[in-house]
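Residue numbers (my numbering): 792 to 852. To keep things clear, I will list the structure first and then write my remarks on it.
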């Protein structure tokens, strides 16, 4: 049942972002969530190659 609410909120958030019309008052805009996801993605983009490098270097010892 929670998926139904998530879908409705996602649709309302997208509609609000595209039109500026607020369907659910008090709901955070989608831009905040996209910013958070982007920050996490950038951190992982730098962290995963570094972990691979460390594993490769330490495998020699």
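Glycine included, every Cβ here is placed at the ideal spot set by N, Cα and C.
Where the alpha helix (DSSP H) through residue 813 begins and ends
Here the question's residue 813 lines up with position 22 in the chain shown. Counting along the chain, residue 813 falls outside any alpha helix (DSSP H), and DSSP gives it neither H nor E.
What three-state label does DSSP hand residue 818 in the structure shown?
Working through the chain shown from its first residue, we reach residue 818 at position 27. Note: residue 818 maps to coil in three-state DSSP.
Residue 845 and residue 821 look like a contact to me (Cβ under 8 Å); what is the Cβ gap, rounded to whole Å?
For the purposes of this step, residue 845 is taken as the residue at position 54 of the chain shown. For the purposes of this step, residue 821 is taken as the residue at position 30 of the chain shown. At roughly 36 Å, the Cβ-Cβ gap does not stay under 8 Å, so residue 845 and residue 821 are not in contact.
Starting from the C-beta of residue 814, find all residues in its chain whose C-beta is less than 8 Å away, skip the five residues before and the five after it, and write them out in chain order.
In the chain shown, residue 814 corresponds to position 23, counting from 1. Cβ within range, chain order: 803, 806, 807.
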